[in-house]
Amino acid sequence: MLREINFDGIIGPSHNYAGLAPGNLAATSNAGSTSHPRAAALQGIAKMRANLALGLAQGIFLPHARPDHRWLAALYCDYARAPRHLQAQALSASAMWAANAATVSPAPDCADGRCHLTIANLMTMPHRSHEAPETLAQLRLAFADAAFAVHPPIPAPFGDEGAANHMRLAEAHDAPGVEIFVYGEPGGPFPARQSRQASEAVARAHELDPDRVIFVQQSPQAIAAGAFHNDVVAVANEDVLFTHQQAFAVQASFYEALRAKLPSVRIIEVPASAVSLDDAVRSYLFNAQLVSLADGGMALILPREARDHPRVWPWLQQLIAGNGPIRRLEVVDVRESMANGGGPACLRLRVVADPATIDPRFLVDDAKLDRIAALIEAEWPESIAARDIADPGLIQRIEAARAALFELLDLSDLLTFNHRA
């Protein structure tokens, strides 16, 4: 009964380009540009429709309360009188990148036979550091069944950014797997967001077999090139690891350890001579969804930036022309998310579970997506310029739009969630 379900974050009505994430080159280069929240959210809905068309199971997470008045109150200010940088941090729609919501270990990997999820603390960046309480509330509702264990975040100062720095390899989604935790070492030009200590704590919380776990350091060169999370340079699905040649600090020994634990693993390494780290970051080649298809084989769900890249797309054509496991390329338009530094993989959290154990309000089909899209068309702001974030009228519209979505999905009880949930 277990299958992989992709939970995408619905892009919230406060989506804007404030350039809040050092090391995220797309976000910082587009700081101050005009965003288009309505188009962004509809692009996300279209990506979910494409997943459904491929036969994949699809879920959603909802936008967080923005501005985050409780966070601002803890800083002893309100939104109207807050300094500009605090307004931007309180208004950020970054919870849309659901890959950072939590780290997930499916039931076959966990000693107690439950699926474990640990909420990411996202403590490295101020604009993301206040996401965890609402993420915890949503996930404890979505995964309230006894089949799950949902853990609160690892405490500071140990930075944890969730599934974006975690991979799982197994012969099948419902088979026991090898879990790979990728951490960074501080000292480079950009912050290393995932600590080894946090990864080790998550592995303990999930009751993973130490013999089925690997901790591997992310390449400092990759971080310096703009790979602020591992999922910008590597992605895994079932028994396939698709990775850049320079993704890890100790690539050869990592491969050796992985093959020892999972002899059936198939490693597809993209050479730096064909696709540089800069090419990978600009195209988000690896920030793709690598998924298993019902009729066999795997597909890469890629941003259109990968298709438009003069070196990446020809290399991908050679890849699918071969006899390897990746046989299909699906291109999606998520340009609004990409401009803030998040590709298709950033927008989703993968959970291997029985869909019957999940709160159905968090699962979608085409008909539900139709209703959500219609509401977005009616309620989401068309654009937000940098100067607009101080406009009380915009703030009222953002809050009303979010409330309307929660009402549509019969989730109004989450509008006033308990931060100590």
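Going left to right, the sequence shown walks through residues -15 to 405 as my numbering numbers them.
A virtual CB, placed ideally from N, CA and C, is assigned to each residue, including glycine.
Distance check for GLU320 and GLY13, CA to CA, integer angstroms please.
Position 29 of the sequence shown, counted from the start, is the residue given in the question as residue 13. Position 336 of the sequence shown, counted from the start, is the residue given in the question as residue 320. In the sequence as displayed, the identity of residue 13 is Ser instead of Gly. One C-alpha to the other measures close to 13 Å.
Mapping DSSP to helix, strand and coil, what is ALA387?
The sequence position of residue 387 within the sequence shown is 403, counting from 1. ALA387 falls in the helix class under three-state DSSP.
Within 10 angstroms of its Cβ, does TYR63 collect 16 or more other Cβ (buried), or is it exposed?
By 1-based counting over the sequence shown, the position of residue 63 is 79. That one is buried.
Among VAL197, SER276, PRO204 and PRO194, the one whose alpha carbon lies nearest that of PRO175:
Here residue 175 refers to the residue found at position 191 when the sequence shown is read from its first residue. Minimum Cα distance to PRO175 is reached at PRO204.
Are there 16 or more other CB atoms within 10 angstroms of the CB of MET(-15), so buried, or fewer, so exposed?
Here residue -15 refers to the residue found at position 1 of the sequence shown. Per the 10 Å Cβ criterion, exposed.
Any contact between the segment 327 to 344 and the segment 294 to 312? By contact I mean 3 or more CB pairs, one from each, below 8 Å.
no
Three CB pairs or more closer than 8 Å across the segment 87 to 105 and the segment -10 to -3:
no
Give me the Cα-Cα distance between GLU391 and CYS61, rounded to the nearest whole angstrom.
As a working note, residue 391 is residue 407 in the sequence shown. As a working note, residue 61 is residue 77 in the sequence shown. Going from the Cα of GLU391 to the Cα of CYS61 covers about 29 Å.
Once DSSP output is grouped into helix, strand and coil, what is the label at ARG355?
On the sequence shown, position 371 is the one that residue 355 refers to. Residue state, collapsed to three classes: helix.
Span separating the alpha-carbon of SER17 from that of ALA385:
Within the sequence shown, residue 17 is the residue found at index 33, counting from 1. Within the sequence shown, residue 385 is the residue found at index 401, counting from 1. Roughly 22 Å separates the two Cα atoms.
Please tell me whether LEU106 and GLU115 are closer than 8 Å, where the distance is taken between their beta carbons.
As a position in the sequence shown, residue 106 is number 122, starting the count at 1. As a position in the sequence shown, residue 115 is number 131, starting the count at 1. Cβ distance < 8 Å, so LEU106 and GLU115 count as in contact.
Tell me the DSSP bridge mates of GLU253?
Stepping through the sequence shown from its first residue, residue 253 is reached at position 269. Its beta-bridge partners are THR227.
Within the same chain, show all residues whose beta-carbon is closer than 8 Å to that of ASN402, passing over the 5 residues directly before and after it, in chain order.
In the sequence shown, counting from the first residue as 1, residue 402 sits at position 418. Any reading at ASN402 needs caution, since the residue's pLDDT is 42, under 50, leaving its predicted position unreliable; the model's value is listed next. Here ASN402 has ALA121 as same chain residues with Cβ atoms under 8 Å from its own Cβ, once five neighbours each way along the sequence are excluded.
Does the pairing of the segment 223 to 238 with the segment 180 to 195 give three or more beta-carbon distances under 8 Å?
The way I'd put it, the segment 223 to 238 doesn't touch the segment 180 to 195; fewer than three beta-carbon pairs between them come closer than 8 Å.
Inter-residue CB distance, ASN271 and ASP215 (contact presumed, cutoff 8 Å):
For this step, residue 271 is matched to residue 287 along the sequence shown. For this step, residue 215 is matched to residue 231 along the sequence shown. Rounded, the Cβ-Cβ distance is 6 Å, consistent with contact.
Ends of the alpha helix (DSSP H) at GLU240?
Looking up residue 240 in the sequence shown gives position 256. Counting along the chain, the alpha helix (DSSP H) containing GLU240 begins and ends at 235 to 245.
Whole-angstrom distance between HIS53 and PRO137, CA atom to CA atom
If you number the sequence shown from 1, residue 137 lands on position 153. If you number the sequence shown from 1, residue 53 lands on position 69. Their Cα atoms are separated by approximately 21 Å.
Who are the near neighbours of LYS245 in its chain, counting only those whose CB is closer than 6 Å to its CB and skipping five residues on each side?
As a working note, residue 245 is residue 261 in the sequence shown. The residues VAL162, in chain order, have a CB closer than 6 Å to that of LYS245 in the same chain once the five nearest residues on each side in sequence are set aside.
Extent of the continuous beta strand (DSSP E) to which VAL335 belongs
Numbered from 1 along the sequence shown, position 351 holds the residue referred to as residue 335. From DSSP, the beta strand (DSSP E) with VAL335 extends over 332 to 337.
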